[in-house]
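In what follows, a structure is listed as structure tokens, so that the remarks can point back to it.
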Amino acid sequence: MTTLLSELVVEAPRERCFDLMRSVDAHLVSATKIQATAIGGRVSGLAASGDHTTWSAVFFGCRFRLETRITEYSRPDFFFDEQAAGAFKCFGHHYAFLSLGHARTLMSDRFFFESPLPPLGTLFDFCLKPMMAKALAARGNSIKRIAESEDWKEYLQ
Numbered sequence: 001m002t003t004l005l006s007e008l009v010v011e012a013p014r015e016r017c018f019d020l021m022r023s024v025d026a027h028l029v030s031a032t033k034i035q036a037t038a039i040g041g042r043v044s045g046l047a048a049s050g051d052h053t054t055w056s057a058v059f060f061g062c063r064f065r066l067e068t069r070i071t072e073y074s075r076p077d078f079f080f081d082e083q084a085a086g087a088f089k090c091f092g093h094h095y096a097f098l099s100l101g102h103a104r105t106l107m108s109d110r111f112f113f114e115s116p117l118p119p120l121g122t123l124f125d126f127c128l129k130p131m132m133a134k135a136l137a138a139r140g141n142s143i144k145r146i147a148e149s150e151d152w153k154e155y156l157q
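Be aware that the sequence shown starts at 1, since it is given in my numbering, and climbs by one per residue.
What follows is the structure, encoded as structure tokens:
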């Protein structure tokens, strides 16, 4: 299994960071490079415990579908979403939000994935890891940019 970690300090309260990270609309803005779209389940607004979203995205020039579900949720501390259906053997994000005081938050995203069919899946994961790391960093930076902007509220509807 491949695990990646992204941690960012955001100049915003953790409740705002938590809500933006679960915003389908903010996620779509942050995932334009992989042409992500929400095509089923919760397709806009704020995802909550038990919610699922079916995503469509492009990797290596091929379009893939993935359904995720929020399986653990404790606002504003953490939430966990994982694959409910899709091509991976396993896939998930554990998001955590730690208040650093003075409206500053340490936002972390521990992301893991594993493709089926070893050893080919293992080779695919090795090739996919840099792309996923780049997408993870882009998403975190996008959420940070939105959280620290004046128009952050438009993503929380």
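Every residue gets a Cβ at the ideal spot worked out from N, C-alpha and C, and that includes glycine.
*Give the DSSP bridge partners of Gly92, in chain order.*
Within the sequence shown, residue 92 is the residue found at index 92, counting from 1. Answer is Glu82 and Phe112, bridged to Gly92.
*With distances taken Cα to Cα, identify the nearest neighbour of Met107 among Val29, Asn141, Lys129 and Ala26.*
Numbered from 1 along the sequence shown, position 107 holds the residue referred to as residue 107. Nearest of Val29, Asn141, Lys129 and Ala26 to Met107, Cα basis: Asn141.
*asked:* Quick check: the segment 69 to 83 against the segment 44 to 55, are at least 3 beta-carbon pairs closer than 8 Å?
replied: Output reads yes: the segment 69 to 83 touches the segment 44 to 55.
*Backbone secondary structure at Leu156 - three-state DSSP*: Taking the first residue of the sequence shown as 1, we reach residue 156 at position 156. DSSP, reduced to helix, strand and coil, places Leu156 outside both helices and strands of the structure shown, so it counts as coil.
_Three-state secondary structure assigned by DSSP to Glu11_ = To locate residue 11, count along the sequence shown from 1; it is residue 11. The answer is coil: DSSP assigns Glu11 none of H, G, I, E or B.
*Would you mind giving the Cβ-Cβ distance between Phe111 and Leu4, rounded to the nearest angstrom? I have them listed as a contact below 8 Å.*
For this step, residue 111 is matched to residue 111 along the sequence shown. For this step, residue 4 is matched to residue 4 along the sequence shown. With a contact defined as Cβ atoms closer than 8 Å, Phe111 and Leu4 qualify at about 5 Å.
*Beta-bridge pairing of His52 - partner residues as DSSP gives them*: Sequence index remark: in the sequence shown, residue 52 carries index 52 (1-based). DSSP output for His52 lists Arg69 as bridge partner(s).
_Could you tell me the alpha carbon to alpha carbon distance between Phe59 and Leu28, rounded to whole angstroms?_
Indexing the sequence shown from 1 puts residue 59 at position 59. Indexing the sequence shown from 1 puts residue 28 at position 28. Approximately 16 Å, taken between the alpha carbons.
*With which residues is Met107 paired in a DSSP beta bridge?*
By one-based count along the sequence shown, residue 107 stands at place 107. DSSP output for Met107 lists Leu8 and Phe97 as bridge partner(s).
*Identify whether Val58 lies in helix, strand or coil by the three-state DSSP scheme.*
By 1-based counting over the sequence shown, the position of residue 58 is 58. In the three-state reduction of the DSSP assignment, Val58 falls in the strand class.
_Straight-line Cα distance separating Ala147 from Leu100_ = For the purposes of this step, residue 100 is taken as the residue at position 100 of the sequence shown. For the purposes of this step, residue 147 is taken as the residue at position 147 of the sequence shown. Taking the straight line joining both Cα atoms gives about 15 Å.
*Taking Gly121 as the reference, which of Ala87, Thr71 and Asp109 has the closest Cα?*
As a position in the sequence shown, residue 121 is number 121, starting the count at 1. That would be Ala87, whose Cα lies nearest to the Cα of Gly121.
_Reduced DSSP secondary structure (H/G/I, E/B, other) of Ser44_ = Counting from 1 along the sequence shown, the entry for residue 44 is found at position 44. Ser44 falls in the coil class under three-state DSSP.
*Find out if the Cβ-Cβ distance for the pair Leu156, Asp19 is shorter than 8 Å.*
Along the sequence shown, read from residue 1 onward, the residue named residue 156 stands at position 156. Along the sequence shown, read from residue 1 onward, the residue named residue 19 stands at position 19. Against a cut-off of 8 Å, the Cβ pair of Asp19 and Leu156 comes out as a contact.
*Does the distance from the CB of Lys134 to the CB of Thr2 come in under 8 Å?*
Here residue 134 corresponds to residue number 134 of the sequence shown, with the count starting at 1. Here residue 2 corresponds to residue number 2 of the sequence shown, with the count starting at 1. Taking 8 Å as the Cβ cut-off, Lys134 and Thr2 do not qualify as a contacting pair.
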